[in-house]
Amino acid sequence: MANNFINWFKFSSPASFYPLAGRFSLWSSWITVIMLAVGLYLSFFVAPTDYKQGEGYRIIFVHVPAAWMSMIIYLAMALWAAIGLIYNTRMSFMMMKALAPTGAMFTFLALWTGAFWGKPMWGAWWVWDARLTSELILLFLYLGFMALQSATDDVRRGDRAGAILVLVGVINIPIIYFSVKWWNTLHQGASVSVTQGSSMASIMLNTMLLMAVAFWFYTFAVVFHRVRSIILEREADTTWVSELSEVKALERGS
Amino acid sequence: MAEFFNMGGYALYVWGSFGVTALLMVAEPLLIRNRRKAALQRAARLTRIRSEESS
Chain A
1 MANNFINWFK FSSPASFYPL AGRFSLWSSW ITVIMLAVGL YLSFFVAPTD
51 YKQGEGYRII FVHVPAAWMS MIIYLAMALW AAIGLIYNTR MSFMMMKALA
101 PTGAMFTFLA LWTGAFWGKP MWGAWWVWDA RLTSELILLF LYLGFMALQS
151 ATDDVRRGDR AGAILVLVGV INIPIIYFSV KWWNTLHQGA SVSVTQGSSM
201 ASIMLNTMLL MAVAFWFYTF AVVFHRVRSI ILEREADTTW VSELSEVKAL
251 ERGS
Chain B
1 MAEFFNMGGY ALYVWGSFGV TALLMVAEPL LIRNRRKAAL QRAARLTRIR
51 SEESS
């Protein structure tokens with residue numbers, strides 16, 4: 001019994017998570033590069049022209065994955081925020097903090113590529129539609145979280161305040177997701193639904209899903225890389241950091 | 001080739017979307033690399049100060 005039990009709390013220590021995050025990040029980077037190469041090839045050379053939207057529909061291959069990631073990353077932040085508040089583990093708050101800039105970037109990209117898709121198809125870069133507005137609020141939640149974190153020098157209080165902000169804001173995620181159902185929106189309904197399956201041709205759908213998985217691995221790669229810097233920033237005065245080979249090399253070199 | 005870049009008249013919209021996405025997804029790892037460099041240098045400086053104080 002005790003043998004096949006993984007001690008997850010072991011990895012809640014920054015010293016043991018730091019090398020693990022490095023390996024995660026490296027492997028995820030390679031997977032991302034390969035999947036993006038295949039995904040972009042499929043996006044432009046294999047997926048056929050759409051009968052209604054011509055070549056313009058190809059924006060879907062970045063728009064939908066970016067929009068999905070914007071919500072998934074927020075949910076991941078909320079999960080780390082809750083774990084951090086309950087167990088008071090430092091690593092959870094560092095993961096929460098490491099996710100925010102990437103989440104903000106994907107939210108911005110969802111809005112940006114949405115504007116570049118809306119203009120030719122709807123005739124407007126922006127409309128105050130429920131889907132678009134709630135996604136804009138998500139961007140403000142990310143930016144607000146990052147501003148709050150950088151506004152305080154007290155790390156513990158900053159973490160707890162940030163975690164509470166993230167948990168309060170999580171109400172926005174179902175609002176974004178169901179907005180196209182609850183209100184009459186210009187934005188179309190879900191292309192892929194758990195209950196109804198997909199309304200897209202399978203090669204288009206598979207390309208979009210592949211790009212989405214590539215964006216997942218991109219997120220793993222950058223977030224695990226960023227969290228290593230956050231660990232270094234917060235643990236700079238500890239013995240284990242001073243004994244890291246990369247720190248020793250710099251210390252001797254300077 | 002020119003036909004490919006023209007994207008059936010949607011060039012601005014398709015390349016405007018993919019271009020900015022690519023730009024940000026290249027810029028972010030570079031920014032993280034800089035952050036790591038700064039964090040490592042600070043850690044090395046603190047380590048040096050401590051070893052000087054203790055000796």
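Line order of the protein sequences matches chains A and B. All residue numbers for the first sequence refer to this note's numbering, where the first residue is 1 and numbers rise by one. All residue numbers for the second sequence refer to this note's numbering, where the first residue is 1 and numbers rise by one. Just so you know, even glycine gets a beta-carbon here, dropped at the ideal spot from N, CA and C.
Residues that DSSP places opposite residue i in a beta bridge
{"i": "residue 197 of chain A", "result": "A:193"}
{"i": "residue 258 of chain A", "result": "Only positions 1 to 254 of chain A appear in the structure, and residue 258 of chain A is not among them; the question remains open."}
{"i": "residue 50 of chain A", "result": "A:54"}
Residue i: CB within 7 Å of a non-hydrogen atom of the ligand FMN
{"i": "residue 158 of chain A", "result": "Summarising the ligand content, the structure contains no ligands, and the ligand FMN is consequently not present."}
Proximity to residue i [Cα-Cα], best of the options
{"i": "residue 75 of chain A", "options": "A:94, A:89 and A:99", "result": "A:99"}
{"i": "residue 11 of chain B", "options": "A:191, A:48, A:155 and A:57", "result": "A:57"}
{"i": "residue 221 of chain A", "options": "A:21, A:14, A:11 and A:15", "result": "A:21"}
{"i": "residue 203 of chain A", "options": "A:13, A:50 and A:17", "result": "A:50"}
{"i": "residue 170 of chain A", "options": "A:155, A:157, A:139 and A:217", "result": "A:139"}
{"i": "residue 213 of chain A", "options": "A:72, A:231 and A:53", "result": "A:72"}
{"i": "residue 215 of chain A", "options": "B:26, B:34, B:40 and B:3", "result": "B:26"}
{"i": "residue 223 of chain A", "options": "A:176, A:13, A:25 and A:233", "result": "A:25"}
{"i": "residue 232 of chain A", "options": "A:23, A:133 and A:94", "result": "A:94"}
{"i": "residue 128 of chain A", "options": "A:186, A:175 and A:15", "result": "A:186"}
{"i": "residue 175 of chain A", "options": "A:152, A:136, A:199 and A:160", "result": "A:136"}
{"i": "residue 144 of chain A", "options": "A:122, A:45, A:104 and A:126", "result": "A:104"}
{"i": "residue 192 of chain A", "options": "A:182, A:249 and A:178", "result": "A:178"}
{"i": "residue 188 of chain A", "options": "A:92, A:132, A:201 and A:45", "result": "A:132"}
{"i": "residue 147 of chain A", "options": "A:134, A:156 and A:161", "result": "A:161"}
Chain-ordered chain B contacts of residue i [CB-CB under 7 Å]
{"i": "residue 113 of chain A", "result": "17 and 21"}
{"i": "residue 236 of chain A", "result": "42, 43 and 46"}
{"i": "residue 105 of chain A", "result": "24 and 28"}
{"i": "residue 251 of chain A", "result": "44, 47 and 48"}
{"i": "residue 158 of chain A", "result": "Residues of chain B passing the Cβ test: none, with the nearest at roughly 17 Å."}
{"i": "residue 58 of chain A", "result": "14"}
{"i": "residue 246 of chain A", "result": "40"}
Chain B residues whose Cβ lies nearer than 8 Å to that of residue i
{"i": "residue 102 of chain A", "result": "28"}
{"i": "residue 119 of chain A", "result": "13"}
{"i": "residue 123 of chain A", "result": "Per Cβ cutoff of 8 Å: no residues; residue 123 of chain A is ~12 Å from chain B at best."}
{"i": "residue 233 of chain A", "result": "39 and 42"}
{"i": "residue 49 of chain A", "result": "8"}
{"i": "residue 87 of chain A", "result": "By Cβ distance, chain B contributes nothing, its closest Cβ being about 25 Å from residue 87 of chain A, past 8 Å."}
{"i": "residue 66 of chain A", "result": "21"}
{"i": "residue 11 of chain A", "result": "Under the 8 Å cutoff, chain B gives no residues; its nearest Cβ is about 20 Å from residue 11 of chain A."}
Neighbour-count burial assignment, residue i, 16 or more Cβ in a 10 Å radius
{"i": "residue 102 of chain A", "result": "buried"}
{"i": "residue 207 of chain A", "result": "buried"}
{"i": "residue 65 of chain A", "result": "buried"}
{"i": "residue 114 of chain A", "result": "buried"}
{"i": "residue 32 of chain B", "result": "buried"}
{"i": "residue 219 of chain A", "result": "buried"}
{"i": "residue 1 of chain A", "result": "Low per-residue confidence applies at residue 1 of chain A: pLDDT is 44, beneath 50, and the placement is therefore not dependable, though the value from the model is reported in the following sentence. Burial call: exposed."}
{"i": "residue 107 of chain A", "result": "buried"}
{"i": "residue 241 of chain A", "result": "buried"}
{"i": "residue 226 of chain A", "result": "buried"}
{"i": "residue 235 of chain A", "result": "buried"}
{"i": "residue 166 of chain A", "result": "buried"}
{"i": "residue 50 of chain B", "result": "exposed"}
{"i": "residue 23 of chain A", "result": "exposed"}
{"i": "residue 55 of chain A", "result": "buried"}
{"i": "residue 38 of chain B", "result": "exposed"}
{"i": "residue 159 of chain A", "result": "buried"}
{"i": "residue 43 of chain B", "result": "buried"}
{"i": "residue 87 of chain A", "result": "exposed"}
{"i": "residue 39 of chain A", "result": "buried"}
{"i": "residue 30 of chain B", "result": "exposed"}
{"i": "residue 53 of chain B", "result": "exposed"}
{"i": "residue 67 of chain A", "result": "buried"}
{"i": "residue 4 of chain B", "result": "exposed"}
Interface partners of residue i on chain A, CB under 7 Å
{"i": "residue 2 of chain B", "result": "Chain A residues near residue 2 of chain B: none, gap ~14 Å exceeds 7 Å."}
Min CB distance residue i to chain E below 8 Å
{"i": "residue 19 of chain A", "result": "You won't find chain E in this structure, because its protein chains are A and B."}
Chain B contact residues for residue i, given Cβ-Cβ distances below 9 Å
{"i": "residue 109 of chain A", "result": "17, 20, 21, 24 and 25"}
{"i": "residue 150 of chain A", "result": "The contacting residues do not exist; residue 150 of chain A stays about 13 Å from chain B at best."}
{"i": "residue 187 of chain A", "result": "Near residue 187 of chain A there are no residues of chain B at all, since even the closest Cβ is about 16 Å away, more than 9 Å."}
{"i": "residue 190 of chain A", "result": "Here the premise fails: no neighbours, minimum Cβ distance about 20 Å."}
{"i": "residue 222 of chain A", "result": "25, 28, 29 and 32"}
{"i": "residue 54 of chain A", "result": "7, 8, 9 and 10"}
Kindly provide the ranges of any beta strand (DSSP E) runs that are 3 or more residues long and lie completely inside the segment 175 to 243 of chain A, ordered along the chain.
none
Please give me, in chain order, every unbroken run of the beta strand (DSSP E) with length at least 3 that falls completely inside the segment 85 to 141 of chain A.
none
Which full runs of the alpha helix (DSSP H) of 4+ residues lie inside the segment 9 to 43 of chain A, going along the chain?
14 to 41
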